[in-house]
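Enquirer:
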Amino acid sequence: MSTLAAPNEVVTRALLRQVNVPGLDRPAALITLDNGFDHTKPNTFGPGGLASLDEAITAALAADPAFIAVTGKPYIFCVGADIVGLPQLADRAQALEIGRLGHRVFARLKDSTVPTFAFVNGAAMGGGLELALHCHYRTLSGGAAALALPEVSLGLVPGWGGTQLLPNLIGIPAATQVIIQNPLMQNKMLKPKQAAELGIADILLEPADFLERSLEWAAGVVRGQVTVTRPDVDKDMWAGVLYFARETLNQRLHGAVPAAYKALDLLETAKDADFATGTAAEDEALADLVFSEELRSGLYAFDLVQRRAKRPAGAPDKGLARTITKVGIVGAGLMASQLALLFARRLQVPVVMTDLDQSRVDKGVGYVHTQIEKAVTKGRMDKNTAAKLYGLVSGTVDKSAFADADFVIEAVFEDLGVKKQVWAELEKIVSPEAVLATNTSSLSITEMAAELEHPERVVGFHFFNPVAVLPLLEIVRGERTDDATLATAFAVGKQLKKSSVLVKDAPAFVVNRLLTRFLGTVFAAVDAGTPLDVANSALDPLGLPMRPLALLQLVGPAVAYHVGGTLHAAYPDRFGVSENLKRIADSGQPIVVDDQVNEDVAKLLVVGDQPLTAEQVRQNALDALAQEIRLMLDEGVVAEAQDIDLCMILGAGWPFHLGGVTPYLDRTGTSERVTGQRFLPRGAASLPA
């Protein structure tokens with residue numbers, strides 16, 4: 006048995022029982038994975054859990070069962086390796102040992118002469134899904150919430166057989182999607198129907214009686230009454246798919262995520278190598294990656310998203326939160342319409358929109374109805390839910406409809422005077438306890454509320470576009486915002502299923518301030534004479550989700566110019582105003598087309614004669630980020646550097662392998678060179694000293 010020990014491991018026990026199944030002449034062996042906690046603490050595998058599974062398999066085989074099945078506790082199958090223990094591994098030999106241990110135990114199910122089944126009753130990720138792949142057959146519950154091999158997003162590879170088993174089960178195109186593409190798309194999960202269609206599961210069953218139906222189906226397989234057919238895997242396309250995948254990675258990541266390239270190599274091995282050779286290659290890859298800076302940043306980022314995001318630093322006592330029974334939305338444009346749909350879906354309370362004229366109101370309500378119809382058509386919403394939502398969302402030009410609203414949010418033009426006028430008018434209509442929330446992206450909450458009779462109930466509620474996709478919500482406390490308002494804002498954010506971060510009232514808050522400084526530095530290089538294509542590709546080695554000019558185009562040059570102006574007024578020494586950016590905004594032309602610089606836009610620019618190299622552009626941008634983050638921390642814009650990273654991950658899509666941003670700045674020495682100190686202690690998101 007293994008000499009590995011994980012003192013902090015929450016051991017997932019493999020509980021064995023004999024089950025009599027109608028139609029079989031002897032009992033089946035059912036192994037249930039259970040760590041003793043409810044679904045909020047999922048099953049994972051460390052050395053202790055693997056040892057328990059090993060013992061259960063031994064005992065099951067000794068009983069000569071009709072078949073062996075593995076399932077999980079309610080709602081959870083298993084979410085993989087206990088990654089909390091990875092930083093505790095002392096050396097490469099231990100990393101190799103944990104890989105080999107998992108392979109040895111799981112292979113017992115693959116090599117068993119007794120039929121083996123995985124009854125995937127709930128979330129199955131990483132090593133949990135790999136365990137299921139080792140079984141001869143798989144049933145899947147339609148209620149399984151999360152199915153994935155997410156390791157690449159953390160800086161790892163599927164290290165317990167996934168890279169070898171999956172492509173030979175479902176084919177190389179689908180396996181590449183699950184193992185590489187999905188993790189790099191903000192860790193996209195498979196839905197049960199998708200997993201079944203790909204061939205990961207042999208049959209999809211309803212969750213209500215999942216275990217009974219799984220046992221019944223398995224008995225049919227054992228008796229020969231159920232025949233499982235799987236499509237042949239086309240190996241002729243293997244090399245072409247992997248070549249295309251590698252080219253795509255090069256264009257997108259430029260070598261920045263070693264785990265993605267390791268995964269490609271392992272998928273290539275899976276084509277012709279025997280299973281033992283392939284899994285040995287997984288062991289070596291895992292051991293290499295465990296001691297990489299990217300993994301330590303990935304684990305840090307994962308912890309932020311899974312833990313810190315659920316316990317926002319500085320949030321007041323949730324018991325102070327007021328109950329929300331009706332929501333008002335000022336505006337009926339695209340952002341306001343997205344908000345209306347989100348509030349109605351999550352809060353299940355009436356939502357009313359207003360705007361200047363009936364045509365705008367009708368357009369906003371129409372957008373909501375269209376999105377509901379699309380959700381029904383795509384099978385994402387049932388007709389009963391749709392009917393309820395139709396009834397909850399309404400629109401009017403009469404703001405007196407807000408009289409009984411408990412929470413009113415404005416999404417009007419980004420102008421302080423306009424927003425102050427909106428609140429001055431509304432304060433005469435709504436109750437004194439109603440929360441007034443602003444979706445401003447850069448303006449002062451304190452100034453916005455200054456002339457109101459009840460400034461204490463105004464709070465910043467800054468969403469990121471698209472509202473339905475990006476999970477970050479910056480909750481901004483003005484100088485006079487009280488705890489009850491703030492607690493209500495956090496409670497609403499939680500109901501909306503957003504990850505909320507408390508932010509001090511400072512220009513552009515966190516994400517927009519950093520992105521504006523970042524883009525401003527890049528565009529300053531363009532103003533100096535750096536060719537657009539050089540500036541655009543300068544940050545490629547970081548593996549960011551978008552190049553700078555594509556991000557600028559997404560934000561909108563006019564919006565970027567406006568936010569830049571706000572920040573220039575506040576911090577003129579660090580935030581410039583580029584007239585070239587205004588020229589681009591006024592032209593209405595796209596900056597990039599198919600990721601290539603639009604040469605017609607380049608001709609509009611008035612530039613200097615001091616071009617920078619790509620390396621200089623990159624270092625200037627990193628230096629600017631380090632300086633701005635240190636200033637924000639000194640100003641108390643957020644509680645800690647961890648909140649900066651959480652905001653950049655959830656609001657800007659910055660990748661796990663950077664840890665958001667501060668671990669990368671520490672890793673490259675930029676933090677100490679620019680600010681004289683690291684943002685995080687050594688070892689917190691990096692290898693120990």
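Take 6 as the starting number for the sequence shown in this note's numbering and just add one per residue. Ideal Cβ placement from N, Cα and C applies to all residues, glycine included. Quantities reported herein were computed from a predicted structural model and do not represent experimental measurements.
(1) Could you compute how far the alpha carbon of T328 sits from the alpha carbon of R316?
(2) Could you tell me which of L507, K78, I596 sits nearest to D605, measuring between CA atoms?
(3) Look up V481 in the DSSP assignment and say whether it is helix, strand or coil.
(4) With three or more beta-carbon pairs closer than 8 Å as the criterion, would you say the segment 683-694 touches the segment 666-674?
(5) Could I get the ranges of all uninterrupted alpha helix (DSSP H) runs contained in the segment 562-591, with 4 residues as the minimum, in chain order?
(6) Could you compute how far the alpha carbon of H108 sits from the alpha carbon of L136?
(7) Per DSSP, what kind of secondary structure is A86 in: helix, strand or coil?
(8) If you drop the 5 nearest sequence neighbours on each side, which residues of the same chain put their C-beta closer than 6 Å to that of A442?
(9) When you compare the CB positions of L138 and A74, do they come within less than 8 Å of one another, or not?
(10) Whole-angstrom Cβ separation of T144 and I208, contact assumed at under 8 Å?
(11) To the nearest whole angstrom, what separates the beta carbons of Y566 and L537, a pair I think is in contact under 8 Å?
(12) Return yes when the Cβ of A410 is within less than 8 Å of the Cβ of K499, no when it is not.
(13) Look up T282 in the DSSP assignment and say whether it is helix, strand or coil.
(14) Could you tell me if F661 is buried or exposed, where buried requires 16 or more neighbouring beta carbons within 10 angstroms of its beta carbon?
(15) Which residues does DSSP list as the beta-bridge partners of S399?
(16) For the segment 391-402 against the segment 366-380, are there 3 or more C-beta pairs whose distance is under 8 Å?
(17) How is the alpha helix (DSSP H) around G525 delimited, first residue to last?
(18) Do K323 and A290 come within 8 Å of each other at the CB atom, strictly closer than that value?
(19) Tell whether a beta-carbon distance below 8 Å holds between I185 and I205.
(20) Look at the alpha carbon of A690 and the alpha carbon of Y305, and state the distance between them as a whole number of angstroms.
(21) Return helix, strand or coil for E458, following the three-state DSSP convention.
(22) Name the one or two DSSP bridge partners that R143 has.
(23) Output the distance between the C-alpha atoms of N25 and M358, rounded to the nearest integer angstrom.
(24) With DSSP run on the structure shown, which of helix, strand or coil describes G77?
(25) Report back the beta-carbon spacing between V515 and V642 to the nearest angstrom; my notes put them in contact at under 8 Å.
(26) Going by the DSSP bridge assignment, what does G465 pair with across the sheet?
(27) Measuring straight from C-alpha to C-alpha, what distance separates S7 and Q558?
(28) Starting from Q23, trace the beta strand (DSSP E) both ways and give me its first and last residue.
(29) Go through its chain and collect everything with a Cβ distance to L609's Cβ below 7 Å, but skip five positions before and after it.
(30) Tell me which residues share the same chain as V481 and place their Cβ nearer than 7 Å to its Cβ, disregarding the 5 neighbours each side in the sequence.
(31) From the DSSP output, read off the bridge partner residues of Q199.
(32) Would you identify the three-state DSSP class for T680, choosing helix, strand or coil?
(33) Which first and last residues belong to the beta strand (DSSP E) in which V612 is found?
(34) Using DSSP bridges, identify the partner residues of D39.
(35) Between the segment 543-551 and the segment 490-497, are three or more C-beta pairs nearer than 8 Å?
(36) From Q311 to D614, what does the alpha carbon distance come to, in whole angstroms?
Expert: In short, the structure shows the following:
(1) 20 Å
(2) I596
(3) strand
(4) yes
(5) 562-575
(6) 9 Å
(7) strand
(8) I414, V464, F466
(9) no
(10) 5 Å
(11) Incorrect: roughly 17 Å between the Cβ atoms, too far for contact.
(12) no
(13) helix
(14) buried
(15) V357
(16) yes
(17) 516-533
(18) no
(19) no
(20) 5 Å
(21) coil
(22) A123
(23) 59 Å
(24) strand
(25) 6 Å
(26) T443, V481
(27) Residue placement at S7 is flagged as unreliable, the pLDDT there being 47, under the threshold of 50; a coordinate-derived value is accordingly withheld.
(28) 18-24
(29) R588, I589, S592
(30) I450, V464, G465, H467, V508, D510, F514
(31) DSSP, once it has assigned bridges, lists no residue as partnering Q199.
(32) helix
(33) Looking at the DSSP string, V612 is not in any beta strand (DSSP E), and its letter there is neither H nor E.
(34) R18
(35) no
(36) 48 Å
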